[in-house]
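J.: Take a look at the following structure, please.
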Amino acid sequence: MPGLMIDASLLQQMLIGALLALSVYLPLRCGQLSLATPGFYAIGGTLAALLSTRVAALGAAEPVYPLSSVLLEMLLAGLLAAGLAVGIGSVVLRLRGVYLAIATIALVEILRVTTLNQESLGGAVGIFGIPQPFLAPEGYVVFTLVVLAVVCWLCDRLERQRIGLAMEAIRDDELAAACQGINTDRTKLVAFILSAALAAVAGVISAHFLNSWNARLGNFDASITTLAFVVFGGSRTWPGPVLGGLLLTALPELLRPVGDLRLVVFGLVILLGPLVVPQGLVTPERLKLLRRLLRRAQPAREANR
Amino acid sequence: MTAPLLQLDGLTCRFGGLVAVNDVSLAVQEGEIFGLIGPNGAGKTTVFNLITGLTPVSSGRVLWRGEPIHGLDPARINRLGLARTFQNLRLFPSLSVLENVLVGLHREAAVPLLPALLGSAAVRARRRQLRERAMELLALVDLADVADPPAGSLSYGDRRRLEIARALATGPRLLLLDEPAAGMNPSEKDDLCALIGRLRQRFDLTVLIIEHHVPLMMRLCDRLAVLNFGERIALGSPVEVRHDPRVIEAYLGPGGKG
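Order-wise, the sequence lines are chains A and B. Read in the numbering used here, the first sequence has 328 at position 201, and its numbers run on one by one without any break. Read in the numbering used here, the second sequence has 136 at position 70, and its numbers run on one by one without any break.
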């Protein structure tokens with residue numbers, strides 16, 4: 128099929144897009160517009176790049192970088208990001224709406240400029256020769272798919288817990304939620320911590336996949352792109368951001384046959400998305416409808432047999 | 067003598083130069099229905115906001131069973147046993163009617179994290195129990211038939227009753243109702259009056275209620291306090307309050323008697 132060119136590399140980027148979209152979605156589910164995701168993504172990437180190239184014990188010299196080392200990096204990056212999120216979150220989450228967005232953009236910028244000017248973190252040149260746990264991009268795709276599946280499962284469980292309902296209540300009316308005995312500060316902080324850890328884990332995978340890491344990865348542009356994933360896909364239940372992340376990462380590549388017009392078309396999609404589907408592509412109501420249709424289709428098929 | 071359930075002691079609230087509530091003192095005894103009336107802008111809702119921790123107290127004290135609670139955050143105050151409704155309706159519009167009540171059951175829904183994530187049988191049974199409890203509460207306010215649609219789609223009167231069910235779900239000892247009959251027609255008002263009486267009996271509640279409809283308050287309340295320009299101008303039984311010259315003056319203006 129000419130035009131439809133989803134190779135393993137693009138698929139890998141789409142999966143990372145889905146992970147980052149989920150990271151933006153978690154705070155947004157409780158109404159918190161945080162654009163800090165690329166910052167924590169950069170923290171994960173930088174940490175993975177540093178550890179795997181400078182700590183010989185992790186196995187950089189071996190022909191294939193051990194998967195266990197990647198998992199260890201993911202764990203450390205997740206913990207580091209979660210720890211930072213506790214400190215940062217308890218301050219910035221006092222801000223609301225656009226002020227929180229601005230504060231988190233500042234955080235992303237601070238991290239970028241620090242990395243750029245700190246030789247030990249790669250500086251302006253970046254870190255090269257990050258060892259590869261997989262020899263082909265397909266390996267990354269399978270691995271990331273597993274990670275995404277686990278994260279989706281966790282999100283699904285989370286949404287069914289009382290904290291999931293509390294998050295939605297806070298999004299609808301924070302004051303009323305507090306009057307129902309919900310600790311709104313703690314609920315928002317939990318969402319922010321999960322979001323940070325998830326972004327850092329995605330950064331670790333990306334650092335290995337990209338083979339090099341520098342301060343330009345995880346900048347303000349990425350803040351806006353990842354936000355677009357969620358706005359386009361829907362911010363009320365986890366399949367929304369996953370779909371948005373997959374589609375919008377693939378779109379610029381799929382539009383290559385259009386030539387120079389592709390960025391114009393991409394811009395149009397971003398612009399028209401919220402106008403045509405203001406709640407995003409996926410809403411709980413549409414999912415319910417889909418499930419009912421599938422159930423109706425099922426007996427019909429069996430009857431035809 | 068035991069301390070009253072709720073006591074306001076010299077409660078004052080200033081917004082810049084405006085004194086919204088000025089040195090208000092009153093005590094609500096366990097089990098009574100206590101009414102707060104007064105002309106528009108008298109500071110009634112501000113008193114509610116001060117009690118429930120939404121607005122900081124400028125001076126004075128709010129005592130719950132003799133213990134000061136001003137300065138606590140709204141969630142803590144709710145967990146002590148004070149639940150409220152809002153004059154201008156603050157439901158969670160995108161959640162279903164049932165889910166709104168389930169949010170009220172938040173504290174009761176606490177389960178250990180790991181079994182909850184794995185969805186163990188005990189956790190599922192617990193969740194079923196909570197849904198049943200939420201349905202019971204909805205049935206009490208005649209909303210069991212409309213449990214599924216989003217709360218935002220309910221009619222005005224239904225929303226007011228849903229707010230009451232949600233407040234009850236938090237398991238309060240004191241229920242604060244802010245103009246629950248606003249926008250209702252006379253027969254709905256009668257129903258609401260009966261409902262409040264029923265709920266008080268069933269849950270052994272104390273009720274603090276703000277309402278403009280004076281005849282309804284005369285019928286419903288054991289005692290009334292009257293606010294005007296932020297000050298408490300009268301306190302007593304409905305009959306006493308009705309004949310208080312200061313109250314008549316506040317509502318009808320000077321020389322308005324007769």
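Every residue gets a Cβ at the ideal spot worked out from N, C-alpha and C, and that includes glycine. Everything numeric in this text was worked out from a predicted model, so none of it was measured.
So who's on the other strand from F81(B), going by DSSP bridges?
T.: Indexing the second sequence from 1 puts residue 81(B) at position 15. Partner(s): L84(B).
J.: Mapping DSSP to helix, strand and coil, what is G324(B)?
T.: On the second sequence, residue 324(B) is found 258 positions in, with the first residue counted as 1. Unreliable placement is indicated for G324(B), whose pLDDT of 44 sits below 50; the coordinate value is still reported in the next sentence. Here G324(B) sits in coil by DSSP.
J.: Could you tell me how far apart the beta carbons of M250(B) and G223(B) are, in whole angstroms, since I believe they sit closer than 8 Å?
T.: In the second sequence, the residue the question calls residue 250(B) occupies position 184. In the second sequence, the residue the question calls residue 223(B) occupies position 157. Between G223(B) and M250(B) the Cβ distance is about 5 Å, and since that is below 8 Å, they are a contact.
J.: In this structure, does DSSP put D214(B) in helix, strand or coil?
T.: Counting from 1 along the second sequence, the entry for residue 214(B) is found at position 148. Coil, per DSSP.
J.: Pairing CB atoms from the segment 297 to 313 of chain A with CB atoms from the segment 135 to 148 of chain B, are three or more of them under 8 Å?
T.: Yes, the segment 297 to 313 of chain A is in contact with the segment 135 to 148 of chain B.
J.: By the criterion of Cβ-Cβ separation under 7 Å, what are the contact partners of N144(B) in chain A?
T.: Here the question's residue 144(B) lines up with position 78 in the second sequence. Within chain A, the residues near N144(B) are C306, Q307, G308.
J.: For I290(A), which option in P70(B), P178(B), L265(B) has the closest C-alpha, if you only look at C-alpha atoms?
T.: Here residue 290(A) corresponds to residue number 163 of the first sequence, with the count starting at 1. I290(A) has its Cα closest to that of P178(B), out of P70(B), P178(B), L265(B).
J.: Going along chain B, which residues have a C-beta under 7 Å from D299(A)?
T.: Residue numbering aside, residue 299(A) sits at position 172 when the first sequence is read from its first letter. Near D299(A) (Cβ distances below 7 Å), the residues of chain B are F158, P159, S160, L161.
J.: Quick one: what does DSSP say S150(A) is sitting in, helix, strand or coil?
T.: The count along the first sequence starts at 1 and reaches residue 150(A) at position 23. Residue state, collapsed to three classes: helix.
J.: For the beta strand (DSSP E) containing W130(B), name the first residue and the last one.
T.: Along the second sequence, read from residue 1 onward, the residue named residue 130(B) stands at position 64. Taken as a continuous stretch (DSSP letters only), the beta strand (DSSP E) holding W130(B) covers 125 to 130.
J.: By the 10 Å Cβ neighbour count, where 16 or more other Cβ atoms means buried, how is I133(A) classified, buried or exposed?
T.: Taking the first residue of the first sequence as 1, we reach residue 133(A) at position 6. Exposed is the call here.
J.: Check the C-beta distance from L196(B) over to A175(B) and give it rounded, since I have them as a contact under 8 Å.
T.: In the second sequence, the residue the question calls residue 196(B) occupies position 130. In the second sequence, the residue the question calls residue 175(B) occupies position 109. Contact flag correct, Cβ pair sits at about 6 Å.
J.: Using the Cα positions of P246(B) and G345(A), report the straight-line distance between them to the nearest angstrom.
T.: The count along the second sequence starts at 1 and reaches residue 246(B) at position 180. The count along the first sequence starts at 1 and reaches residue 345(A) at position 218. Their backbone Cα atoms lie some 51 Å apart in a straight line.
J.: How big is the Cα-Cα spacing for V277(A) and R284(A)?
T.: Taking the first residue of the first sequence as position 1, residue 277(A) is located at position 150. Taking the first residue of the first sequence as position 1, residue 284(A) is located at position 157. Answer to the nearest angstrom: the Cα atoms are 11 Å apart.
J.: Using a Cβ-Cβ cutoff of less than 7 Å, which residues in the same chain neighbour T121(B) once the five nearest sequence positions on both sides are dropped?
T.: Locating residue 121(B) in the second sequence gives position 55, where the first residue counts as 1. Once the five neighbours on either side are set aside, the close Cβ partners of T121(B) are C79, T112, N115.
J.: Does DSSP put R153(B) in a helix, a strand or coil?
T.: Counting from 1 along the second sequence, the entry for residue 153(B) is found at position 87. The sequence given here places Gln at residue 153(B); Arg does not occur at that position. Note: Q153(B) maps to coil in three-state DSSP.
J.: Just how far apart, CA to CA, sit P281(B) and S350(A)?
T.: The residue labelled residue 281(B) in the question sits at position 215 within the second sequence. The residue labelled residue 350(A) in the question sits at position 223 within the first sequence. Between P281(B) and S350(A), the C-alpha separation is close to 58 Å.
J.: Could one say the Cβ of Q159(A) lies closer than 8 Å to chain B's Cβ atoms, at least one of them?
T.: In the first sequence, residue 159(A) corresponds to position 32, counting from 1. So no, Q159(A) is outside the interface.
J.: Quick one: which chain A residues come within Cβ less than 7 Å of E165(B)?
T.: Here residue 165(B) corresponds to residue number 99 of the second sequence, with the count starting at 1. Under the 7 Å cutoff, chain A gives L292.
J.: When the cut-off is 8 Å and only beta carbons count, does L183(B) lie next to chain A?
T.: As a working note, residue 183(B) is residue 117 in the second sequence. Chain A contact via Cβ: present.
J.: Check whether the Cβ atoms of R298(A) and R156(A) lie closer than 8 Å to each other.
T.: To locate residue 298(A), count along the first sequence from 1; it is residue 171. To locate residue 156(A), count along the first sequence from 1; it is residue 29. Contact flag set, yes.
J.: Return the CA-CA distance between A231(B) and L265(B), expressed in angstroms with no decimal places.
T.: To locate residue 231(B), count along the second sequence from 1; it is residue 165. To locate residue 265(B), count along the second sequence from 1; it is residue 199. If I take the Cα positions, the gap works out to 10 Å.
J.: For the ligand SAM, is there a heavy atom less than 7 Å away from the beta-carbon of Y222(B)?
T.: By its list of ligands, the structure shown contains no ligand whatsoever, and the ligand SAM lies outside what it can speak to.
J.: For I299(B), which three-state DSSP category applies?
T.: The residue labelled residue 299(B) in the question sits at position 233 within the second sequence. In the structure shown, I299(B) sits in a strand (DSSP, three-state: E or B).
J.: Residues of chain A with CB under 9 Å from T236(B), in chain order?
T.: Looking up residue 236(B) in the second sequence gives position 170. Ordered by position in chain A, the residues that pass the 9 Å Cβ test against T236(B) are C306, Q307, G308.
J.: Can you name the residues that DSSP bridges to R142(B)?
T.: Locating residue 142(B) in the second sequence gives position 76, counting from the first residue. BP columns for R142(B) are empty, so no partner.
J.: Whose CA, out of P215(B), G109(B), G302(B), lies closest to the CA of M284(B)?
T.: Within the second sequence, residue 284(B) is the residue found at index 218, counting from 1. Answer by Cα proximity: G302(B).
J.: With a cut-off of 8 Å, does the C-beta of G170(B) fall near any C-beta of chain A?
T.: On the second sequence, residue 170(B) is found 104 positions in, with the first residue counted as 1. By this cut-off, G170(B) is an interface position.
J.: So, under 8 Å CB-CB, A233(B) and G170(B) are touching, yes? Tell me the CB distance rounded to an integer number of Å.
T.: Taking the second sequence and counting its residues from 1, one reaches residue 233(B) at position 167. Taking the second sequence and counting its residues from 1, one reaches residue 170(B) at position 104. Indeed, because the Cβ distance is near 7 Å, the residues count as touching under 8 Å.
J.: Compute the beta-carbon to beta-carbon distance between T242(A) and T173(A), rounded to the nearest angstrom, for a pair I have assumed lies under 8 Å.
T.: For the purposes of this step, residue 242(A) is taken as the residue at position 115 of the first sequence. For the purposes of this step, residue 173(A) is taken as the residue at position 46 of the first sequence. Indeed, because the Cβ distance is near 6 Å, the residues count as touching under 8 Å.
J.: For chain B, find out if any of its Cβ atoms is closer than 8 Å to the Cβ of F295(A); answer yes or no.
T.: Counting from one through the first sequence, the residue named residue 295(A) turns up at place 168. One detail in the question is off: residue 295(A) reads as Glu in this sequence, not Phe. Yes, E295(A) lies at the interface with chain B (some Cβ there is under 8 Å from its Cβ).
J.: Restricting to Cα atoms, I'd like to know which of G119(B), L102(B), G97(B) is closest to S91(B).
T.: Looking up residue 91(B) in the second sequence gives position 25. The candidate whose alpha carbon is nearest that of S91(B) is L102(B).
J.: If L77(B) sits next to V94(B), beta carbons under 8 Å apart, how far is it from one beta carbon to the other, in whole angstroms?
T.: The residue you call residue 77(B) lines up with position 11 of the second sequence. The residue you call residue 94(B) lines up with position 28 of the second sequence. So it is not a contact: roughly 13 Å between Cβ atoms.
J.: In its own chain, which residues sit with a C-beta less than 6 Å from the C-beta of S196(A), not counting the 5 before and 5 after it?
T.: Here residue 196(A) corresponds to residue number 69 of the first sequence, with the count starting at 1. Around S196(A): L185, G186.
J.: Using the rule of at least 16 other Cβ atoms within 10 Å of the residue's Cβ for burial, across every protein chain shown, is R150(B) buried or exposed?
T.: Within the second sequence, residue 150(B) is the residue found at index 84, counting from 1. By the neighbour-count rule (16 or more Cβ atoms within 10 Å), R150(B) is buried.
J.: Given G372(A), which residues of its chain have a CB within under 6 Å of its CB, disregarding the five upstream and five downstream residues?
T.: Reading the first sequence from its first residue, position 245 is the one you call residue 372(A). Answer for G372(A): G144, A145, A148, F356, listed in chain order.
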